[in-house]
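Comments concern the structure below.
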Amino acid sequence: MKLFNRYLRQHIFSSTLLVFSALIALFALLDLIHELGDLGTNYQLHHVLLYVLLKVPGHVYELFPIAALIGTLLALAQLVVHSEYTVMRASGVSANGMVFSLLQTGLIFVVLTFVFGEFVAPVSERAANQLRLKALKLVVAQQFRSGLWVKDEMSFVNVSQILPDSTLMGVKIYEFDPQQHLRAISFAKQGNYLKDNKWRLSDVVQTRFDASHTTVDSIAEANWYSVLNPDILSVLLVIPEQMSAWNLYTYTQHLRENNQKTLRHDLALWNKMVYPVAVMVMVMLALPFSQYQRRTGGISAKIFAGIMVGLGFHFLNKLFSHLGLLNDWPPLFSAAAPTVLFFAAAMAMMWWEERR
Numbered sequence: 000m001k002l003f004n005r006y007l008r009q010h011i012f013s014s015t016l017l018v019f020s021a022l023i024a025l026f027a028l029l030d031l032i033h034e035l036g037d038l039g040t041n042y043q044l045h046h047v048l049l050y051v052l053l054k055v056p057g058h059v060y061e062l063f064p065i066a067a068l069i070g071t072l073l074a075l076a077q078l079v080v081h082s083e084y085t086v087m088r089a090s091g092v093s094a095n096g097m098v099f100s101l102l103q104t105g106l107i108f109v110v111l112t113f114v115f116g117e118f119v120a121p122v123s124e125r126a127a128n129q130l131r132l133k134a135l136k137l138v139v140a141q142q143f144r145s146g147l148w149v150k151d152e153m154s155f156v157n158v159s160q161i162l163p164d165s166t167l168m169g170v171k172i173y174e175f176d177p178q179q180h181l182r183a184i185s186f187a188k189q190g191n192y193l194k195d196n197k198w199r200l201s202d203v204v205q206t207r208f209d210a211s212h213t214t215v216d217s218i219a220e221a222n223w224y225s226v227l228n229p230d231i232l233s234v235l236l237v238i239p240e241q242m243s244a245w246n247l248y249t250y251t252q253h254l255r256e257n258n259q260k261t262l263r264h265d266l267a268l269w270n271k272m273v274y275p276v277a278v279m280v281m282v283m284l285a286l287p288f289s290q291y292q293r294r295t296g297g298i299s300a301k302i303f304a305g306i307m308v309g310l311g312f313h314f315l316n317k318l319f320s321h322l323g324l325l326n327d328w329p330p331l332f333s334a335a336a337p338t339v340l341f342f343a344a345a346m347a348m349m350w351w352e353e354r355r
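Per numbering that gives the first Met the number 0, the sequence shown starts with residue 0, numbered consecutively.
Written out as structure tokens, the structure reads:
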């Protein structure tokens with residue numbers, strides 16, 4: 000049995016690695032094409048290549064269920080086509096034994112998915128975004144407990160909170176002259192984006208420092224031109240789906256302590272917990288699916304079917320996440336429902352095949 004497990008595991012690993020190589024190459028090419036449009040004096044080719052390389056771990060994490068499904072399906076399909084699967088079953092390998100072998104392989108994929116999602120992908124995504132911003136010389140930003148700090152030309156901007164619709168709350172603008180002397184401090188209760196890097200600040204209190212005196216003015220509304228825009232803010236801010244599970248947990252606790260809504264972060268946290276299990280479900284789904292297709296087409300048909308099933312799971316997972324946010328569904332239900340549905344489908348297909 001150990002020899003069989005090793006043989007099956009080797010086939011699945013090699014097939015999954017092949018699938019990953021093709022998918023990662025495709026996504027890296029798309030990233031490269033997208034970034035080539037921003038090539039210039041500061042953003043050079045080596046910046047683009049490094050940025051694309053840093054994006055790879057994030058793609059690996061996202062593609063793990065699809066790659067595991069297609070890779071396992073391809074490996075099992077080859078065994079079926081070459082009659083090796085029939086020989087294995089005739090030599091005493093039961094359906095439960097095959098399932099147990101796939102569970103062992105799936106457990107390894109679960110660990111790898113968790114490692115990429117918790118330790119590798121969040122760090123590489125953050126590094127990729129910072130590299131691009133610095134190379135393009137757009138903004139340089141860092142998040143502290145006091146909020147988000149941004150260098151905007153000759154000014155430093157502190158934003159205490161950014162709402163999901165890109166509304167800025169608690170905006171402080173520290174303006175300096177070319178000699179690095181503080182010229183003015185402006186505090187705005189709220190900032191709303193208009194267009195063309197133009198913001199409208201509300202309830203502004205501005206303190207100006209002149210050579211001989213200081214003046215304080217209160218302004219109901221004021222226009223503010225900045226390199227900041229919603230697109231840059233979405234890059235600077237770490238969205239919940241890209242955060243590690245530990246950071247999500249600690250931040251969710253902070254939101255609860257401040258009586259703030261935590262539904263999106265709770266959903267992202269449960270998705271982080273369920274997503275590795277979904278990889279094992281995809282591995283299990285490949286077993287009955289590969290047998291069911293043995294008389295209806297060759298390996299190419301099985302791969303195409305696997306891609307469709309993998310994409311179906313991906314889109315269903317996104318659909319339940321959005322519906323959960325819109326309808327205030329329990330986060331655990333929204334995160335686990337697609338995985339449970341596909342697990343039930345895998346069990347039903349295995350029962351049907353054994354019954355036949």
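Glycine included, each C-beta is placed from N, C-alpha and C at the ideal position.
- The shortest CA-to-CA distance from Ala336 to any of Leu28, His321 and Trp198 is the one to His321.
- Fully enclosed beta strand (DSSP E) runs of no fewer than 3 residues occupy 139-143 and 146-151 of the segment 70-154, in order along the chain.
- Contact check between the segment 306-318 and the segment 122-133: fewer than three CB pairs, one atom from each, fall below 8 angstroms, which does not count as touching.
- Rounded to whole angstroms, the separation of the alpha carbons of Ile23 and Thr213 is 58 angstroms.
- In this structure, the straight-line span from the alpha carbon of Tyr60 to that of Asn246 is close to 17 angstroms.
- For Val339, the enclosing alpha helix (DSSP H) covers residues Pro330 to Arg354.
- Residue range Thr213 to Tyr224 is occupied by the beta strand (DSSP E) that includes Ala221.
- Here Leu135 is near Tyr42, since their CB atoms are less than 7 angstroms apart.
- When DSSP states are grouped into helix, strand and coil, Ser299 belongs to the helix group.
- Here DSSP, grouped into helix, strand and coil, assigns Asn246 to helix.
- Judged by DSSP secondary structure, Gln241 falls outside any alpha helix (DSSP H); it is assigned neither H nor E.
- Between the alpha carbons of Ser154 and Leu325 lies a distance of about 38 angstroms.
- Taking C-beta atoms as the reference points, Val79 and Ser289 count as a pair closer than 7 angstroms.
- DSSP places Tyr274 in the helix class (H, G or I) of the three-state scheme.
- By the Cβ rule, the segment 87-96 does not count as touching the segment 31-48, because fewer than three pairs are nearer than 8 angstroms.
- By the neighbour-count criterion, in which a residue is buried when 16 or more other Cβ atoms sit within 10 angstroms of its Cβ, Phe19 is buried.
- Judged by their CB atoms, Leu7 and Ser100 are nearer to each other than the 7 angstroms cut-off.
- Minimum Cα-Cα distance from Val273 among the listed residues Ala334, Arg5, Asn228 and Asn258 corresponds to Ala334.
- Straight-line spacing of the CA atoms in Leu53 and Thr166 works out to 30 angstroms.
- Here Arg354 is exposed: its Cβ has fewer than 16 other Cβ atoms, across all protein chains shown, within 10 Å.
- Remark: C-beta atoms of Pro121 and Ser217 do not approach each other more closely than 7 angstroms.
- Straight-line spacing of the CA atoms in Ile32 and Ile231 works out to 20 angstroms.
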